[in-house]
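Engineer: Offset between the sequence shown (1-based) and our numbering: plus 4.
Glycine residues also receive a C-beta, built at the ideal position from the N, C-alpha and C atoms.
Got a structure for you, questions after.
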Amino acid sequence: MAKPAPQTLPSASQTALFERNLTWLLMAASAIILLVLAWPIFSGRFYTYDDLQNSNLPMDYSYWKALHDGDSFLWSPQYYCGAYIHGEGEGGMCHPLHWLQYRLLPMGTAFGLDFLLSYVALFFGTFFFFRHLKLEKSASLFGAIIFSFAGFNLWHYMHLAPMAAIAHLPWLLVSNDKILCSTDHKQRVRAQLVSLLLTASQCLRGHPQFMWFCIIAECAFALVRVRSWVNWRRPFLLFTAKGLGLVIGAIQFLPQLDMVSTTNRSDSSFDFRMSFSMHPLNLTQLVSPLALLDRYYSDWRWGNGNTHEMGLYAGAFCTLVIPWLVIRWKKLGKEKPFLLITCLLGLFALVLSLGKYGHVYPVFSQLPGIKSLAFRAPTRFIFHFHLALAILSAFAFADLLKLLREGGKATVKSLWPLAIPLALSLGTYFWVMQVRGEPGNPMNANLATVDNGLTAVVQDVFGQDSTWASHLNPASIGMLLIAVGVILLVMVARGKRVALYGIVLLVFVEIAVWGLRDHIIRRGPPKSVQEVVASIGQLPPKEGRLFWPLANSIPVVEGYRLTIGNIGLIPAKKLPVDITSLRLADARYALMQNGWGQVPQPMPRARLLSQVVVSENVTQAVQQVNIATTGVVEKSVDVVPGEPGKAQITTDRPGRIDIKTTAPTRQLLVLSESYHTGWKARVDGKELPVIRAYGDFMGAVVDPGEKTVEWRFEPESFYRGAKITLAGLAVASLWLVACWLLKPKQSPTPVMPDAKAV
Numbered sequence: 005m006a007k008p009a010p011q012t013l014p015s016a017s018q019t020a021l022f023e024r025n026l027t028w029l030l031m032a033a034s035a036i037i038l039l040v041l042a043w044p045i046f047s048g049r050f051y052t053y054d055d056l057q058n059s060n061l062p063m064d065y066s067y068w069k070a071l072h073d074g075d076s077f078l079w080s081p082q083y084y085c086g087a088y089i090h091g092e093g094e095g096g097m098c099h100p101l102h103w104l105q106y107r108l109l110p111m112g113t114a115f116g117l118d119f120l121l122s123y124v125a126l127f128f129g130t131f132f133f134f135r136h137l138k139l140e141k142s143a144s145l146f147g148a149i150i151f152s153f154a155g156f157n158l159w160h161y162m163h164l165a166p167m168a169a170i171a172h173l174p175w176l177l178v179s180n181d182k183i184l185c186s187t188d189h190k191q192r193v194r195a196q197l198v199s200l201l202l203t204a205s206q207c208l209r210g211h212p213q214f215m216w217f218c219i220i221a222e223c224a225f226a227l228v229r230v231r232s233w234v235n236w237r238r239p240f241l242l243f244t245a246k247g248l249g250l251v252i253g254a255i256q257f258l259p260q261l262d263m264v265s266t267t268n269r270s271d272s273s274f275d276f277r278m279s280f281s282m283h284p285l286n287l288t289q290l291v292s293p294l295a296l297l298d299r300y301y302s303d304w305r306w307g308n309g310n311t312h313e314m315g316l317y318a319g320a321f322c323t324l325v326i327p328w329l330v331i332r333w334k335k336l337g338k339e340k341p342f343l344l345i346t347c348l349l350g351l352f353a354l355v356l357s358l359g360k361y362g363h364v365y366p367v368f369s370q371l372p373g374i375k376s377l378a379f380r381a382p383t384r385f386i387f388h389f390h391l392a393l394a395i396l397s398a399f400a401f402a403d404l405l406k407l408l409r410e411g412g413k414a415t416v417k418s419l420w421p422l423a424i425p426l427a428l429s430l431g432t433y434f435w436v437m438q439v440r441g442e443p444g445n446p447m448n449a450n451l452a453t454v455d456n457g458l459t460a461v462v463q464d465v466f467g468q469d470s471t472w473a474s475h476l477n478p479a480s481i482g483m484l485l486i487a488v489g490v491i492l493l494v495m496v497a498r499g500k501r502v503a504l505y506g507i508v509l510l511v512f513v514e515i516a517v518w519g520l521r522d523h524i525i526r527r528g529p530p531k532s533v534q535e536v537v538a539s540i541g542q543l544p545p546k547e548g549r550l551f552w553p554l555a556n557s558i559p560v561v562e563g564y565r566l567t568i569g570n571i572g573l574i575p576a577k578k579l580p581v582d583i584t585s586l587r588l589a590d591a592r593y594a595l596m597q598n599g600w601g602q603v604p605q606p607m608p609r610a611r612l613l614s615q616v617v618v619s620e621n622v623t624q625a626v627q628q629v630n631i632a633t634t635g636v637v638e639k640s641v642d643v644v645p646g647e648p649g650k651a652q653i654t655t656d657r658p659g660r661i662d663i664k665t666t667a668p669t670r671q672l673l674v675l676s677e678s679y680h681t682g683w684k685a686r687v688d689g690k691e692l693p694v695i696r697a698y699g700d701f702m703g704a705v706v707d708p709g710e711k712t713v714e715w716r717f718e719p720e721s722f723y724r725g726a727k728i729t730l731a732g733l734a735v736a737s738l739w740l741v742a743c744w745l746l747k748p749k750q751s752p753t754p755v756m757p758d759a760k761a762v
């Protein structure tokens, strides 16, 4: 029997050159992706799809204008007849970096940077995280590209506040790990400071759901690393750092709780929490990303769906990473426990993302402390699934490098697990073909047509005359991608270095085509603030408020005040949206099916009434009285009948309204601004009780004669939060100084001698 030929190991110089070129290729791919995300900023433009244009831009414009006009940014009269917009949270209005951006820069530049900085911080933070785990530069870059751009995080580019919260995560994982595992006293105290500040920053940025998601990931990573903890006192240091960070964030956190208490989310239903549950059919995305119409499937029973919320596919390499790790399991060594737990946690997150369909999230959402959070969209647990895939991908890439460096070759027989996803992709293709062959099958409406994906790609590459593309099925793109991934992995396993370049290019091309091109660039060209405003067409005169029933708040950028608007936390209202409520809101124009129409007989923004009806059923009472002459309140007030007086608004700024009144008797002053307990009314320094008028608006009883009623929005939640924040900063400073000065004695024998970094 002939002996096998001895393996020829690559020289050290060849290996160094190969890995250096690989690193440069990954750096170039990262730079191109970040440049595509950044290029609109250079011309004062920004991406405008979905919430970027419809919600974030108007809100941040109001914030920007308030800062430049010297007004309060706590209250915005532009939404829902006035809303506690700082408490809504998405604006991050007390975050120092956010404040500096919008205070010092032009609106378009500040908004564009708000979008870009999250991805820059996320990418470099993830790279730093993998370097902390002792991975090579190339593997760390690969993992950072996967997590930052290849799935959930790029698809959610239209959600500024969630992405800002996520951008903190990799930095938190590193600082938390140093608190728990570092034996260097100074390094540990610095990590405490970083973890504290990052937690405060997350809280100030104002998106509790994704802050909660990050805390889940932090806890999971800390438990995975439990064998590396220096001692059992370290978790208390971490808990203290996180807790003080939350205390410092009280200036945002308490107003947000206040705002939630005025919305329907304060008592969310089970169906609300189950909305945006991912249907199990979406699991086919993992092996056939274009088979489904718009890439996802939803049966509409548990909330509507959309591509970015239901997008599960993170790339062919991510689909193949688990089979590859199974093949290489015996060679992984000390990394096995970490990778196994990461895999199990990722699968658990995938089950949670199924929501109602997975039968686990309904139980999970009922746990004490979780039910009260009132979060919807279990499909967002895809975030944790993609985080697990990114970690597994980075370690798999490092393993591929190790295999090539050592000159090893896997046998063809041992590579059989790679055939499983390829077979599943092939099965999905034939299933799609079968459904397409049944014209009466209702599932046809949920499958992609050729024009949805493959034809566009082929014609982009081979030209518009490539008519042969029309004979292909979109599901075949899944087979192609998975097959290319399998071929490249087999080539690497057989010692072909060039195949690793191919894997990098495959990941980059998928991000460029399915992420950047289809999901960002083709969603609409970048626009300036002026171009966004021009896109909404002709608007009526700026008189009173505007009834704008569309799912965006763009007229706010033009200075309009809306009776509704597009914000995350929608205030609960007692009055239905009808002509009566529009008249009470001082709405002058309403957008109807046939265009703009005038609201008949709108009530003045401020007026005095000498007739009042007391009723607990405000909705019914408002329909039974003449709102022009009679006020409706929920509690008895001391009003003296007589000739109605006059009210004139002399100052009307966000959170600051002055009204000059002249009345012959004690009368009810009605102001068509949304009621909130944070509003204070004063006459000559004396505070007047602020009451609900018509259920949704504000009122106060004024004495006869000439008076000037000063209305100021001074929410207790904000000022109490500010005091707690200042106290938290003081306590945190003292705690960190104490930790720095009180250096622990070095023990000759570690408490946990078997602790090793995973």
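Helix, strand or coil for W216? Go by DSSP, reduced to three states.
Structural biologist: Here residue 216 is taken as the residue at index 212 of the sequence shown, counted from 1. Residue state, collapsed to three classes: helix.
Engineer: Verify whether the separation of the beta carbon atoms of I486 and P425 is less than 7 Å.
Structural biologist: As a working mapping, residue 486 is identified with position 482 in the sequence shown. As a working mapping, residue 425 is identified with position 421 in the sequence shown. Against a cut-off of 7 Å, the Cβ pair of P425 and I486 comes out as a contact.
Engineer: Take A221 as the anchor and find which of S142, L344, F389 has the nearest alpha-carbon.
Structural biologist: Residue numbering aside, residue 221 sits at position 217 when the sequence shown is read from its first letter. Among S142, L344, F389, the Cα nearest to that of A221 is on F389.
Engineer: Would you mind stating whether G350 and P382 have Cβ atoms separated by less than 7 Å?
Structural biologist: Locating residue 350 in the sequence shown gives position 346, where the first residue counts as 1. Locating residue 382 in the sequence shown gives position 378, where the first residue counts as 1. In this structure, P382 does not lie closer than 7 Å to G350 by Cβ.
Engineer: Look at V494 and L391 and say whether their C-beta atoms are less than 7 Å apart.
Structural biologist: Translated into positions along the sequence shown, residue 494 becomes position 490. Translated into positions along the sequence shown, residue 391 becomes position 387. Contact flag unset, no.
Engineer: Here's the rule: buried if 16 or more other CB atoms are within 10 angstroms of the residue's CB, otherwise exposed. What is R192?
Structural biologist: Here residue 192 refers to the residue found at position 188 of the sequence shown. Buried: at least 16 other Cβ atoms inside 10 Å.
Engineer: F153 to G482, Cα distance in whole Å?
Structural biologist: Residue mapping note: residue 153 aligns to position 149 of the sequence shown, counting from 1. Residue mapping note: residue 482 aligns to position 478 of the sequence shown, counting from 1. Each residue's Cα considered, the two are about 19 Å apart.
Engineer: Residues in its own chain within less than 6 Å of L2 by CB, not counting five upstream and five downstream?
Structural biologist: The displayed coordinates of the chain run from 5 to 762. Any statement about residue 2 would go beyond what the structure contains.
Engineer: Going along the chain, which residues of its own chain have a beta-carbon closer than 7 Å to the beta-carbon of I345, five neighbours each way excluded?
Structural biologist: As a working note, residue 345 is residue 341 in the sequence shown. Hits under 7 Å: V228.
Engineer: Out of I331, V513, A353, V364, which one is the CA nearest neighbour of A320?
Structural biologist: By 1-based counting over the sequence shown, the position of residue 320 is 316. The option with the nearest alpha carbon to A320 is V513.
Engineer: Between the Cα of R549 and the Cα atoms of L740, P608, D262, W333, which residue gives the shortest distance?
Structural biologist: By one-based count along the sequence shown, residue 549 stands at place 545. Ranking the options by Cα distance to R549, first place goes to P608.
Engineer: In chain order, what residues of the same chain have a beta carbon less than 7 Å from the beta carbon of V238, not counting five sequence neighbours either side?
Structural biologist: The count along the sequence shown starts at 1 and reaches residue 238 at position 234. One detail in the question is off: residue 238 reads as Arg in this sequence, not Val. Result list for R238: I183, L184, in chain order.
Engineer: Tell me the start and end of each unbroken alpha helix (DSSP H) in the segment 355-428 that is at least 4 residues and wholly inside, in chain order.
Structural biologist: Here the runs fully enclosed are 365-368, 386-410.
Engineer: When the distance is taken between beta carbons, is P530 closer than 7 Å to P44?
Structural biologist: To locate residue 44, count along the sequence shown from 1; it is residue 40. To locate residue 530, count along the sequence shown from 1; it is residue 526. It is a contact, given that the beta carbons lie within the stated cut-off.
Engineer: Rounded to a whole number of angstroms, what is the C-alpha to C-alpha distance between R231 and L21?
Structural biologist: Sequence index remark: in the sequence shown, residue 231 carries index 227 (1-based). Sequence index remark: in the sequence shown, residue 21 carries index 17 (1-based). So the two alpha carbons sit approximately 37 Å from each other.
Engineer: Which of the three DSSP states, helix, strand or coil, is assigned to S15?
Structural biologist: Your numbering for residue 15 matches position 11 in the sequence shown. S15: coil per DSSP, three-state reduction.
Engineer: Using DSSP with H/G/I as helix, E/B as strand and the rest coil, what is F701?
Structural biologist: Reading the sequence shown from its first residue, position 697 is the one you call residue 701. Looking at F701 - three-state DSSP - the assignment turns out to be strand.
Engineer: For a quick check, are the C-beta atoms of C207 and G247 less than 7 Å apart?
Structural biologist: Here residue 207 refers to the residue found at position 203 when the sequence shown is read from its first residue. Here residue 247 refers to the residue found at position 243 when the sequence shown is read from its first residue. It is not a contact, given that the beta carbons lie outside the stated cut-off.
Engineer: Following the continuous beta strand (DSSP E) through K335, name the residue where it begins and the one where it ends.
Structural biologist: One-based indexing of the sequence shown puts residue 335 at position 331. Run containing K335: none; DSSP gives neither H nor E here.
Engineer: Tell me whether the beta-carbon of A452 lies closer than 7 Å to the beta-carbon of L294.
Structural biologist: The residue you call residue 452 lines up with position 448 of the sequence shown. The residue you call residue 294 lines up with position 290 of the sequence shown. Going by C-beta atoms, A452 is nearer than 7 Å to L294.
Engineer: Does the Cβ of D590 have 16 or more other Cβ atoms within 10 Å, making it buried, or fewer, making it exposed?
Structural biologist: What you label residue 590 is simply residue 586 of the sequence shown in a count that begins at 1. It is buried - the Cβ of D590 has at least 16 other Cβ atoms within 10 Å.
Engineer: In the DSSP output, which residue or residues are listed as bridge partners for S763?
Structural biologist: No statement about residue 763 is possible, as the shown extent of the chain runs from 5 to 762 and does not include it.
Engineer: Would you list the one or two residues that DSSP bridges to T665?
Structural biologist: In the sequence shown, the residue the question calls residue 665 occupies position 661. For T665, which the question treats as bridged, DSSP gives the partners A651, K711.
Engineer: Taking Cβ to Cβ, would you say A736 is nearer than 7 Å to L241?
Structural biologist: Here the question's residue 736 lines up with position 732 in the sequence shown. Here the question's residue 241 lines up with position 237 in the sequence shown. No. Outside cutoff.
Engineer: Within this structure, are the beta carbons of D118 and L176 separated by less than 7 Å?
Structural biologist: Position 114 of the sequence shown, counted from the first residue, corresponds to residue 118. Position 172 of the sequence shown, counted from the first residue, corresponds to residue 176. Taking 7 Å as the Cβ cut-off, D118 and L176 do not qualify as a contacting pair.
Engineer: Taking all protein chains shown into account, do 16 or more other C-beta atoms lie within 10 angstroms of the C-beta of K577, making it buried, or fewer, making it exposed?
Structural biologist: Here residue 577 refers to the residue found at position 573 of the sequence shown. Buried.
Engineer: So the candidates are S34, R49, S47; which of them puts its Cα closest to the Cα of F769?
Structural biologist: Any question about residue 769 goes unanswered here, given that the chain covers just 5 to 762.
Engineer: Count the C-beta pairs between the segment 513-526 and the segment 310-330 that are closer than 8 Å, then say yes if the count reaches three, no if not.
Structural biologist: With a cut-off of 8 Å, the segment 310-330 and the segment 513-526 count as touching, because enough Cβ pairs lie within range.
Engineer: Would you tell me roughly how many angstroms separate the C-alpha atoms of L740 and K711, rounded to the nearest one?
Structural biologist: Locating residue 740 in the sequence shown gives position 736, where the first residue counts as 1. Locating residue 711 in the sequence shown gives position 707, where the first residue counts as 1. Going from the Cα of L740 to the Cα of K711 covers about 53 Å.
Engineer: Quick check: the Cα distance between G362 and F280, rounded to an integer number of angstroms?
Structural biologist: As a first step, residue 362 must be located in the sequence shown, where it is residue number 358. As a first step, residue 280 must be located in the sequence shown, where it is residue number 276. Taking the straight line from one Cα to the other gives about 13 Å.
Engineer: Identify whether R657 lies in helix, strand or coil by the three-state DSSP scheme.
Structural biologist: Counting from one through the sequence shown, the residue named residue 657 turns up at place 653. Reduced to three states, the DSSP call for R657 is strand.
Engineer: Measuring straight from C-alpha to C-alpha, what distance separates V719 and G725?
Structural biologist: Locating residue 719 in the sequence shown gives position 715, counting from the first residue. Locating residue 725 in the sequence shown gives position 721, counting from the first residue. As written in the sequence, residue 719 is Pro, which differs from the Val given in the question. Taking the straight line joining both Cα atoms gives about 10 Å.
Engineer: Can you give me the Cβ contacts of L408 inside the same chain, cut-off strictly under 6 Å, excluding the 5 residues immediately before and after it?
Structural biologist: Here residue 408 refers to the residue found at position 404 when the sequence shown is read from its first residue. Same-chain partners within the cutoff: R501.
Engineer: Please give the ranges of any beta strand (DSSP E) in the segment 489-570, keeping only runs that are unbroken, at least 3 residues long and fully inside the region.
Structural biologist: The qualifying runs are 549-551.
Engineer: Per DSSP, what kind of secondary structure is L745 in: helix, strand or coil?
Structural biologist: The count along the sequence shown starts at 1 and reaches residue 745 at position 741. Here L745 sits in helix by DSSP.
Engineer: Three-state secondary structure (DSSP) at L579?
Structural biologist: On the sequence shown, position 575 is the one that residue 579 refers to. Coil, per DSSP.
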